[in-house]
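Residue numbers (the numbering used here): 5 to 104.
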């Protein structure tokens, strides 16, 4: 993910604030996400002004039948509380991404 002016730590913070359980791909918490949960994180990142480094397509482009992709769906906003209470921040309390 990228956004002008956002560094690596900022990207990590926003991913966690959008609901990503962990910044480590191999963590088991990430493996249990449903397609709709992943698409919701994707939509939240887009709403926060971020874009994929690789460009698109984005989840709702390919999976428009998911609940988060339907017209009228409410995209959650970033949440510092969600980030600080994420499995990642509970495990790595001193990580830069886990500071208030």
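C-beta: ideal position from N, C-alpha, C; glycine also. Just so it is clear, the structure is predicted and the values come from calculations on it, not from any experiment.
Per-residue burial, residue i [other beta carbons within 10 Å of its own, 16 or more giving buried]
{"i": "residue 56", "result": "exposed"}
{"i": "residue 78", "result": "exposed"}
{"i": "residue 44", "result": "buried"}
{"i": "residue 72", "result": "buried"}
Nearest-angstrom Cα separation, counted from residue j out to residue i
{"i": "residue 97", "j": "residue 104", "result": "11 Å"}
{"i": "residue 102", "j": "residue 35", "result": "21 Å"}
{"i": "residue 1", "j": "residue 63", "result": "No statement about residue 1 is possible, as the shown extent of the chain runs from 5 to 104 and does not include it."}
{"i": "residue 40", "j": "residue 31", "result": "19 Å"}
{"i": "residue 33", "j": "residue 89", "result": "13 Å"}
{"i": "residue 4", "j": "residue 10", "result": "This structure cannot settle anything about residue 4, because the visible part of the chain is limited to 5 through 104."}
{"i": "residue 7", "j": "residue 23", "result": "18 Å"}
{"i": "residue 67", "j": "residue 61", "result": "10 Å"}
Per-residue DSSP class, three states only, for residue i
{"i": "residue 87", "result": "helix"}
{"i": "residue 81", "result": "coil"}
{"i": "residue 13", "result": "helix"}
{"i": "residue 61", "result": "coil"}
{"i": "residue 22", "result": "coil"}
{"i": "residue 40", "result": "helix"}
{"i": "residue 27", "result": "coil"}
{"i": "residue 66", "result": "helix"}
Cut-off 8 Å between Cβ atoms - residues of its own chain near residue i, not counting five sequence neighbours on either side
{"i": "residue 81", "result": "48 and 51"}
{"i": "residue 94", "result": "none"}
Same chain, Cβ closer than 6 Å to residue i, neighbours up to 5 away in sequence not counted
{"i": "residue 15", "result": "5"}
Counterpart residues of residue i in DSSP-defined beta bridges
{"i": "residue 55", "result": "6"}
Same chain, Cβ closer than 7 Å to residue i, neighbours up to 5 away in sequence not counted
{"i": "residue 18", "result": "49, 52, 54 and 82"}
{"i": "residue 21", "result": "82, 83, 84, 86 and 87"}
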